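In what follows, a single structure is set out as structure tokens and then discussed.
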Amino acid sequence: MKKGLGKGLAALIGDLDEKTDNLQDKFSNDGFNDQASIPIEFLTPNRNQPRKNFSETSLDELSASIKQKGVLLPILVRQMQEKDEFQIIAGERRWRAAQKAGLNEVPVIIRKFNESEVLEIGLIENMQRENLNAIEEALGFERLQKEYEYTQETLSKVLSKSRAYVANAIRLLSLPHKIQQFVQNGDLSPGHARTLIVLSDPLPVAKFAIKKGMSVRQLESYVSYLKNDKKKKQNKINTKSPDTLLLEKKLTDSLGLAVEIIQGSGEKGELKIKFLTFDQLNLVCEKIS
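My numbering applies: residue 925 is where the sequence shown begins, and numbers increase by one.
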């Protein structure tokens, strides 16, 4: 495990907008701490940064602002082995928008960082400053926990989030990958996803919710109905005698279809045979005729 940079780093990232000078004070090493304007093509993105998708609408809005006012906040970079190559540590969105705005040069702060510092800064900077989708955010939380020994308490303080917010975000990663994709694509909201966590097999319900265009409240009601219905069925099973359960199994095996015996008062009851097609129903009729 690597030792996290902790609150010092969070304070640094949090203050970037108002106090660029804080950047120099927090992470000065070997006296290499230059501010400069460099050709925009000298910059390269960090392939390990957590944000994978950039909203074109958001970039267009930022680009329009940059055209009018320029890049107000320098991009944090480190110099690579090649003389004219600088890797972006924080500020890739500004770099992309500056390209759209047609800028030839951008302001940067050049610092020395090791690989672990690059990753940690990238994660926290994105989670504090960017509109990450819920799954990207959760993956960032999980990575900080696993690789830098952040606790949920530390994350909540560093990122100015409640502890419950952090815990609920990480819980989304327990959902099937397909549902996580639905959230990333915007087909389901984080609220929908959190509602599905309580189900043992949430994927069919997730697809049904998308098909019907359910709101979070509607999905909550539907999930509650499913859970209550399951409990009722389980209670019915628990009250059946062993002989009844054995008979259900024998009939199911004989007919090749699910059979349920519902016991009523006294000796009364119902026999339910579940079929999916009329061919199955005709087959049952043939067997019992």
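In this text, a Cβ means the ideal position worked out from N, Cα and C, and glycines have one as well.
If you're wondering where the values come from, they're calculated on a predicted model, not measured in any experiment.
Inset, instruction - Report the rounded CA-to-CA distance for residue 967 versus residue 1129, giving the unit in angstroms. - result: 45 Å
Inset, instruction - Spatial neighbours of residue 949 within its chain, please: CB distance less than 7 Å, with the 5 preceding and 5 following residues excluded, ordered by chain position. - result: Legend: pLDDT at residue 949 = 42, less than 50; position of this residue unreliable, value from coordinates given subsequently. None.
Legend entry - Whole-angstrom C-beta distance between residue 983 and residue 1020, which should lie under 8 Å: 6 Å
Legend entry - Buried versus exposed, by CB contacts within 10 Å (16 or more), residue 1046: buried
Legend entry - Supposed close pair residue 1186, residue 1173 - CB separation, criterion 8 Å: No, residue 1186 and residue 1173 are not in contact; Cβ-Cβ is about 16 Å, not under 8 Å.
Legend entry - Backbone CA spacing between residue 1000 and residue 1120 [nearest angstrom]: 40 Å
Legend entry - Same chain, Cβ closer than 7 Å to residue 1211, neighbours up to 5 away in sequence not counted: 1179
Inset, instruction - Run the CB neighbour count on residue 1062, radius 10 Å, all protein chains shown included, and call it buried at 16 or more, exposed below. - result: buried
Inset, instruction - Would you decide whether residue 1093 is buried or exposed? Buried here means 16 or more other CB atoms lie within 10 Å of its CB. - result: buried
Legend entry - For residue 1099 and residue 1147, the rounded distance between their alpha carbons: 15 Å
Inset, instruction - Give the range of the beta strand (DSSP E) segment to which residue 971 is assigned. - result: Taken as a continuous stretch (DSSP letters only), residue 971 belongs to no beta strand (DSSP E), as it is neither H nor E.
Inset, instruction - Identify the continuous alpha helix (DSSP H) that holds residue 1076 and give its terminal residues. - result: 1076-1082
Inset, instruction - Output the boundary residues of the alpha helix (DSSP H) element that contains residue 1062. - result: 1058-1072
Inset, instruction - Pick out the complete alpha helix (DSSP H) segments inside the segment 963-1044, 4 residues or longer, and give them in chain order. - result: 980-993, 1016-1024
Legend entry - Counted within 10 angstroms of its Cβ, other Cβ atoms place residue 1194 as buried (16 or more) or exposed: exposed
Inset, instruction - Over the uninterrupted alpha helix (DSSP H) stretch that includes residue 1212, give me the two end residues. - result: 1202-1212
Inset, instruction - Look at the alpha carbon of residue 1124 and the alpha carbon of residue 1182, and state the distance between them as a whole number of angstroms. - result: 21 Å
Inset, instruction - Jot down the residue ranges of each uninterrupted alpha helix (DSSP H) in the segment 1112-1162, minimum 4 residues, whole runs only, in chain order. - result: 1114-1120, 1126-1136
Legend entry - 8 Å Cβ cutoff met for residue 1025 and residue 991: yes
Legend entry - Contacting residues, own chain, Cβ-Cβ under 7 Å from residue 1065 (five flanking each side not counted): 1079, 1090, 1093, 1094
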